[in-house]
Amino acid sequence: MACAYVAPTNGPLALLMCRYLVVFPWCLKGRLRGEDDEEVIRTVLPPQEAEWLLKQEAERPVAILSRIRCLIYLAQTGNEVSLPLPMSTHLHMGNRLHDLETVVGTCNRILGSPIPPTFSRMTSRLICLYLLVFPFALLG
35 MACAYVAPTN GPLALLMCRY LVVFPWCLKG RLRGEDDEEV IRTVLPPQEA EWLLKQEAER
95 PVAILSRIRC LIYLAQTGNE VSLPLPMSTH LHMGNRLHDL ETVVGTCNRI LGSPIPPTFS
155 RMTSRLICLY LLVFPFALLG
């Protein structure tokens, strides 16, 4: 939507929004796996934006979404150079950001909830049984 509605009137703002949208899944993956995502951030974002994001240690995916929300607000208000974003488009983009926030919350809940011991025992038994029976299934 940034390319369709924001880019014709404010190209740099749309480009920055798209760059943040590109960085978002990498930061979410890094948060969930405990990996370092600094290289991706420095590669994709402009230096000033990258420094700001790297200062947000705890929840970079949430910081990215809040920054995109600020950029959408800037696009919606407009300025002397660009026309304001239509309200329906602004609301639609806000709803898509809400969906991404829901994804972040769901991933954090899954990451924070422990796997019950019964479930892991049954899973390991099922995998052992599968590996034991699989060669016989291949034979005939």
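Numbering-wise, my numbering puts 50 at position 16 of the sequence shown, and it's gapless, one number per residue. All C-beta atoms in this analysis are idealised placements derived from N, C-alpha and C, irrespective of residue type, glycine included. These numbers were taken from a predicted model, which means no experiment stands behind them.
Taking only three categories from DSSP, how would you classify G45? G45 falls in the helix class under three-state DSSP.
Does the contact criterion of 3 or more C-beta pairs under 8 Å hold for the region 54 to 66 versus the region 95 to 102? Judged by Cβ distances under 8 Å, the region 54 to 66 makes contact with the region 95 to 102, as three or more pairs qualify.
Are the region 134 to 143 and the region 58 to 76 touching by the rule of at least three beta carbon pairs closer than 8 Å? With the cut-off at 8 Å, the region 134 to 143 and the region 58 to 76 touch.
Would you kindly work out how many angstroms separate the C-alpha atoms of Q90 and H124, rounded to a whole number? Looking at the backbone, the Cα of Q90 and that of H124 are separated by about 26 Å.
Sub-7 Å separation of A109 and L49 beta-carbons: Contact check for A109 against L49 fails: the beta carbons are separated by 7 Å or more.
By DSSP, does S154 sit in helix, in strand, or in coil? Of the three classes helix, strand and coil, the one that applies to S154 here is helix, per DSSP.
What's the C-alpha gap between L160 and V96? Those two C-alpha atoms are separated by around 38 Å.
Taking only beta-carbon atoms, is D70 less than 7 Å away from chain D? Although the question refers to chain D, the structure presented lacks it and comprises just one protein chain.
I need the DSSP call for P120, collapsed to helix, strand or coil. Correct three-state label for P120: coil.
Pick helix, strand or coil for S147, following the three-state DSSP scheme. In the structure shown, S147 sits in coil (DSSP, three-state: anything other than H, G, I, E or B).
At the level of alpha carbons, what is the spacing between R76 and A84? Going by the C-alpha atoms only, they are around 6 Å apart.
Whose C-beta lies closer than 6 Å to the C-beta of E135 among residues of the same chain, with five residues either side of it excluded? The beta carbon of E135 sits closer than 6 Å to the beta carbons of L99 from its chain, once the five residues preceding and following it are set aside; these are given in chain order.
Residues near E72 in its chain [Cβ-Cβ closer than 7 Å; skip 5 each side]: Around E72: L88.
May I ask which residues mark the beginning and end of the alpha helix (DSSP H) holding L99? 94 to 111 is the extent of the alpha helix (DSSP H) around L99.
Pull up the CB-CB distance for T111 and P118, whole angstroms please, since I reckon it's below 8 Å. That belief holds up - the Cβ atoms of T111 and P118 are roughly 6 Å apart, short of 8 Å.
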